[in-house]
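Engineer: Sending over a structure as structure tokens; questions will come in a sec.
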Ligand SMILES: *Cc1c(COP(=O)(O)O)cnc(C)c1O
């Protein structure tokens, strides 16, 4: 498969071994167990000497097809899957980290990941150092002091900050760390972390991979040794991907390239439009030349992604008068879907923080996260325009 282009592999990869009865589509196998009349065959499958399935918490043909596809798209030796993106992250960290270990990461990771770093790992006597996102010197300095895991996410949520994966992965390798990248925002269409030196790539498949906001899931890709050990942790701890979700994710992934291309195109046009709007204070999109991560993004990404954010003047008051008027956008917490999705950071990604904490992270109260869908971009821009007109001028008097 590796000699075909990624759009072709998104359609064909991973499926063949799970097909049955001449069906051209992967079946949703709901069976919890897989039976054997031949005791020797059963034993061989159970100990991994022969390919096959025993019990649904461990493996399943539909789930295996999903794993095969994401493994191929990330160019990895192996892949395993999880019930959610957070399960992928917690199971991976749970496999690799023990009391006394040290982790280096960044301040802008996904909210749930940040909670693992600040709330759960410290309770296990695991030392977590969170560097300023984008401060490559600080990351390199902390990594050089020694760490078991260097954990990255780029672009980040919600201000789409960029970290140079190749540069800090080099520092990670030198320190003997396992380098992990959450590639949810970029997807394998736009960014290939393993090629840039990462050891493991994580996805919340719930987002762009599935692309239709109708299934939760997660994945980890990397070397067989690492992935096998994470799979073992997951099969015992039980955060297994459901076969029906695996099927929905698999189907969504067939159109990944088409969707991502369109979402990138729409996001860029919307970012440029927002820069011309008086009521908009700032626009964050790595495709804009004034974005601090623009040059690195240009180097390590094929395109700049479907995620952007922007701050409106007047803060929360303005949000109340603006967001409800958008017709072609779900006001919701997810992202990466075919529909445009919008939400204020104070309600979605950074709801646990105080306004002061958000300010310290460079997140204005009026910040809106915008996940561009695949609608016609003229309609999306018109929709924004009419919603901006609904903001009453008098709300700016006191702000
Ligand atoms: C949503 C998200 C996660 C968590 O995924 P779930 O499927 O919701 O558990 C992790 N990382 C990033 C970047 C995300 O956007």
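In my numbering, the protein residues as written are 26 to 424.
Note that CB positions come from ideal geometry on N, CA and C, so glycine has one too.
1) Let me check you understand the geometry: is the CB of residue 114 closer than 7 Å to at least one non-hydrogen atom of ligand 1?
2) Can you name the start and end residues of the beta strand (DSSP E) that residue 19 belongs to?
3) I'd like to check one pair, residue 173 with residue 219: are the Cβ atoms closer than 8 Å?
4) Hey, residue 215 and residue 327 are a contact pair by Cβ (cut 8 Å); roughly how many whole angstroms apart?
5) Go ahead and pull the three-state DSSP assignment for residue 123.
6) By Cβ distance, which residues of its chain are closer than 6 Å to residue 175, with the 5 residues on each side in sequence left out?
7) Using the beta-carbon count (16 or more within 10 Å), is residue 123 buried or exposed?
8) Runs of 4 residues minimum, wholly inside the segment 305 to 344: which ones carry the alpha helix (DSSP H) assignment?
9) Could you check if residue 235 is buried or exposed, using at least 16 other CB atoms within 10 Å of its CB as the buried criterion?
10) Counting along the chain, where does the beta strand (DSSP E) carrying residue 133 start and finish?
11) What's the C-alpha gap between residue 395 and residue 368?
12) Is residue 78 helix, strand or coil when you go by DSSP?
13) I believe residue 85 touches residue 255 by the beta-carbon criterion, under 8 Å. Please report the beta-carbon distance rounded to the nearest angstrom.
14) Decide if the segment 333 to 347 is in contact with the segment 391 to 406; the criterion is three or more beta carbon pairs, one per stretch, under 8 Å apart.
15) My assumption, with CB atoms under 8 Å, is that residue 341 sits in contact with residue 399. Please give the rounded CB distance.
16) Should residue 424 be labelled buried (16 or more other beta-carbon atoms within 10 Å of its own) or exposed?
17) Going by alpha carbons, who is nearest to residue 313 out of 303, 305, 297 and 321?
18) Secondary structure at residue 104, three-state DSSP: helix, strand or coil?
19) Taking the CB atoms as reference points, tell me whether residue 406 and residue 228 lie closer together than 8 Å.
20) Are there 16 or more other CB atoms within 10 angstroms of the CB of residue 345, so buried, or fewer, so exposed?
21) Does the distance from the CB of residue 98 to the CB of residue 194 come in under 8 Å?
22) Pairs of beta-carbons, one from the segment 264 to 275 and one from the segment 234 to 252, closer than 8 Å: are there three or more?
23) Between the beta-carbon of residue 240 and the beta-carbon of residue 231, is there less than 8 Å?
24) From the DSSP secondary-structure annotation, give me the bridge partner or partners of residue 178.
25) Would you report the Cα separation of residue 127 and residue 156, rounded to the nearest angstrom?
26) For the beta strand (DSSP E) containing residue 185, list its first residue and its last residue.
27) With three or more beta-carbon pairs closer than 8 Å as the criterion, would you say the segment 60 to 70 touches the segment 303 to 312?
28) Please determine, among 44, 284, 412 and 55, the residue with the shortest C-alpha to C-alpha distance to residue 35.
29) Quick one: does the C-beta of residue 232 sit closer than 7 Å to a heavy atom of ligand 2?
30) Beta-carbon separation of residue 397 and residue 331 under 8 Å?
31) Could you give the residue range of the alpha helix (DSSP H) that holds residue 404?
32) Less than 8 Å between the beta carbons of residue 138 and residue 159, yes or no?
33) Using CA atoms only, rank isn't needed, just tell me which of 80, 46, 43 and 70 is closest to residue 57.
34) Have a look at residue 382 and residue 374 and give me their C-alpha separation to the nearest angstrom.
35) To test your reading of the DSSP string, which unbroken beta strand (DSSP E) runs of 3 or more residues are found completely within the segment 192 to 237?
Structural biologist: From the atom records:
1) Your numbering for residue 114 matches position 89 in the chain shown. Residue 114 Cβ: within cutoff of ligand 1.
2) Nothing can be reported for residue 19: it is not among the residues displayed for the chain, which extend from 26 to 424.
3) Stepping through the chain shown from its first residue, residue 219 is reached at position 194. Stepping through the chain shown from its first residue, residue 173 is reached at position 148. At a Cβ-Cβ threshold of 8 Å, residue 219 and residue 173 do not count as neighbours.
4) Translated into the one-based positions of the chain shown, residue 215 becomes position 190. Translated into the one-based positions of the chain shown, residue 327 becomes position 302. Here residue 215 really is in contact with residue 327; their C-beta atoms are around 5 Å apart, less than 8 Å.
5) Translated into the one-based positions of the chain shown, residue 123 becomes position 98. In this structure, residue 123 counts as coil in the three-state DSSP scheme.
6) Working through the chain shown from its first residue, we reach residue 175 at position 150. Counting only Cβ-Cβ distances below 6 Å, and skipping sequence neighbours, we find 129, 168, 197, 202 and 204.
7) Counted from its first residue, the chain shown places residue 123 at position 98. Counting Cβ neighbours within 10 Å, residue 123 comes out exposed, since fewer than 16 surround it.
8) Taken in chain order, the complete alpha helix (DSSP H) segments of 4 or more residues contained in the segment 305 to 344 are 319 to 325.
9) Residue mapping note: residue 235 aligns to position 210 of the chain shown, counting from 1. Around the beta carbon of residue 235, 16 or more other beta carbons lie within 10 angstroms, which makes this residue buried.
10) Taking the first residue of the chain shown as 1, we reach residue 133 at position 108. It is not in any beta strand (DSSP E) - residue 133 carries neither H nor E in the DSSP assignment.
11) Numbered from its first residue, the chain shown carries residue 395 at position 370. Numbered from its first residue, the chain shown carries residue 368 at position 343. If you take the alpha carbons of residue 395 and residue 368, they lie about 7 Å apart.
12) For the purposes of this step, residue 78 is identified with residue 53 of the chain shown, where counting begins at 1. Shown here, residue 78 sits in coil according to DSSP, grouped into three states, outside any helix or strand.
13) Locating residue 85 in the chain shown gives position 60, where the first residue counts as 1. Locating residue 255 in the chain shown gives position 230, where the first residue counts as 1. Contact between residue 85 and residue 255 does not hold, since their C-beta atoms are separated by about 17 Å, which reaches or exceeds 8 Å.
14) Inter-segment contact for the segment 333 to 347 and the segment 391 to 406 is present: three or more beta-carbon pairs are separated by less than 8 Å.
15) By one-based count along the chain shown, residue 341 stands at place 316. By one-based count along the chain shown, residue 399 stands at place 374. The Cβ separation is near 30 Å, so there is no contact.
16) Numbered from its first residue, the chain shown carries residue 424 at position 399. Confidence in residue 424 is poor, its pLDDT being 49 and thus under 50, which makes the residue's placement unreliable; the coordinate value appears in the next sentence. It is exposed - the Cβ of residue 424 has fewer than 16 other Cβ atoms within 10 Å.
17) Translated into the one-based positions of the chain shown, residue 313 becomes position 288. The shortest Cα separation from residue 313 among 303, 305, 297 and 321 belongs to 297.
18) Position 79 of the chain shown, counted from the start, is the residue given in the question as residue 104. Here residue 104 sits in strand by DSSP.
19) Within the chain shown, numbered from 1, the residue matching residue 406 stands at position 381. Within the chain shown, numbered from 1, the residue matching residue 228 stands at position 203. Not in contact: residue 406 and residue 228 (Cβ atoms no closer than 8 Å).
20) Taking the chain shown and counting its residues from 1, the one referred to as residue 345 is at position 320. When all chains shown are included, residue 345 counts as exposed.
21) Within the chain shown, numbered from 1, the residue matching residue 98 stands at position 73. Within the chain shown, numbered from 1, the residue matching residue 194 stands at position 169. For residue 98 and residue 194, no; Cβs fall outside 8 Å.
22) These segments touch.
23) Counting from 1 along the chain shown, the entry for residue 240 is found at position 215. Counting from 1 along the chain shown, the entry for residue 231 is found at position 206. Taking 8 Å as the cut-off, the beta carbon of residue 240 is found closer than this to the beta carbon of residue 231.
24) Indexing the chain shown from 1 puts residue 178 at position 153. DSSP, once it has assigned bridges, lists 207 as partnering residue 178.
25) Position 102 of the chain shown holds residue 127. Position 131 of the chain shown holds residue 156. Rounded to whole angstroms, residue 127 to residue 156 spans 13 Å at the Cα level.
26) Counting from one through the chain shown, the residue named residue 185 turns up at place 160. Looking at the DSSP string, residue 185 is not in any beta strand (DSSP E), and its letter there is neither H nor E.
27) Taking a cut-off of 8 Å on C-beta distances, the segment 60 to 70 does not touch the segment 303 to 312, as fewer than three cross pairs fall below it.
28) Numbered from 1 along the chain shown, position 10 holds the residue referred to as residue 35. Ranking the options by Cα distance to residue 35, first place goes to 284.
29) This structure lacks ligand 2; the ligands present are ligand 1.
30) Here residue 397 corresponds to residue number 372 of the chain shown, with the count starting at 1. Here residue 331 corresponds to residue number 306 of the chain shown, with the count starting at 1. Their beta carbons are under 8 Å apart, which means residue 397 touches residue 331 by this criterion.
31) The residue you call residue 404 lines up with position 379 of the chain shown. Note, residue 404: alpha helix (DSSP H), 402 to 414.
32) Here residue 138 is taken as the residue at index 113 of the chain shown, counted from 1. Here residue 159 is taken as the residue at index 134 of the chain shown, counted from 1. Taking 8 Å as the Cβ cut-off, residue 138 and residue 159 do not qualify as a contacting pair.
33) If you number the chain shown from 1, residue 57 lands on position 32. Looking from the CA of residue 57, the closest CA among 80, 46, 43 and 70 belongs to 80.
34) Locating residue 382 in the chain shown gives position 357, where the first residue counts as 1. Locating residue 374 in the chain shown gives position 349, where the first residue counts as 1. Rounded to whole angstroms, the gap between the alpha carbons of residue 382 and residue 374 is 13 Å.
35) With a minimum length of 3 residues, the continuous beta strand (DSSP E) runs that stay inside the segment 192 to 237 are 203 to 207 and 225 to 229.
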